[in-house]
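First residue of the sequence shown? That's 10 in the numbering used here, and the numbers climb one at a time after it.
First comes the structure, then the notes that go with it.
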Amino acid sequence: MNVTGAILTRRTIKQFKPDPVPMENVLAWLSTAAYAPNHRMTEPWEVYVVGPSTRANLKHKNDFGGAPLLLAVASTPAKTSVDRDEHLVATACFIQNFMLAAHAEGVGTGWSSLGASPRVRELLALPQGQEIIGFLPVGYPLEVPEPKLRTPIEQKLHDLP
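And the structure:
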């Protein structure tokens, strides 16, 4: 699958089959994701494999669709607000790369922003200044939703003098 094909066919998966995803595949996709653009090569992402006890305590409304694997991706602390923004954006790029790499091999993902709450931060015992950018359920899709219509890009395109 080429990059354009992966982008156009990737979907947020809401329900997963129970079949485990080989961890060596996940590690390969994470290694690929690490080529995301990041300011001054800060590589500001940290990845947590969420175990069953922590996952149960998250009390997600549908237990992340029953995905056999749950990752939490965090952004590392920054010294300035500009650096913080750079870290957040780079970590989001890392997540997108991971999602596309998994999708290209038939594995679905989702992205939940559950990590912003103080309760979740405490539960994960995050180091000071680290921020969860997303929880990523990972697994084989039970079903793949149809694409949603997008606003034509011409409506988002602006010419500047």
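For every residue, glycine included, the Cβ atom is placed at its ideal position computed from N, Cα and C.
Among P53, L67, K157, A42, whose alpha-carbon lies nearest the alpha-carbon of L17?
Here residue 17 is taken as the residue at index 8 of the sequence shown, counted from 1. Comparing Cα positions, the closest option is K157.
With DSSP run on the structure shown, which of helix, strand or coil describes I141?
In the sequence shown, the residue the question calls residue 141 occupies position 132. I141: strand per DSSP, three-state reduction.
For A111 and E163, I'd like the C-alpha separation in whole angstroms.
As a first step, residue 111 must be located in the sequence shown, where it is residue number 102. As a first step, residue 163 must be located in the sequence shown, where it is residue number 154. Near 30 Å, if we compare the C-alpha coordinates of E163 and A111.
Excluding the 5 residues preceding and the 5 following Y44 in the sequence, name in chain order all residues of the same chain whose CB lies nearer than 8 Å to its CB.
The sequence position of residue 44 within the sequence shown is 35, counting from 1. Same-chain partners within the cutoff: N106.
Do you know offhand how far V59's Cα is from L169's?
To locate residue 59, count along the sequence shown from 1; it is residue 50. To locate residue 169, count along the sequence shown from 1; it is residue 160. Their Cα atoms are separated by approximately 46 Å.
Where W54 and P29 are concerned, what is the direct C-alpha to C-alpha distance, given to the nearest angstrom?
The residue labelled residue 54 in the question sits at position 45 within the sequence shown. The residue labelled residue 29 in the question sits at position 20 within the sequence shown. Distance between the alpha carbons of W54 and P29 is about 24 Å.
By Cβ distance below 6 Å, which residues in the same chain neighbour V153 in space, the five residues on each side in sequence not counted?
Position 144 of the sequence shown, counted from the start, is the residue given in the question as residue 153. Within the same chain, V153 has close Cβ partners R20.
Examine the Cβ distances between the stretch 68 to 87 and the stretch 140 to 149 and report whether three or more of them are shorter than 8 Å.
Enough Cβ pairs lie closer than 8 Å, so yes.
What separation, rounded to the nearest whole angstrom, lies between the Cα atoms of N47 and N66?
Reading the sequence shown from its first residue, position 38 is the one you call residue 47. Reading the sequence shown from its first residue, position 57 is the one you call residue 66. Straight-line Cα distance between these residues: approximately 32 Å.
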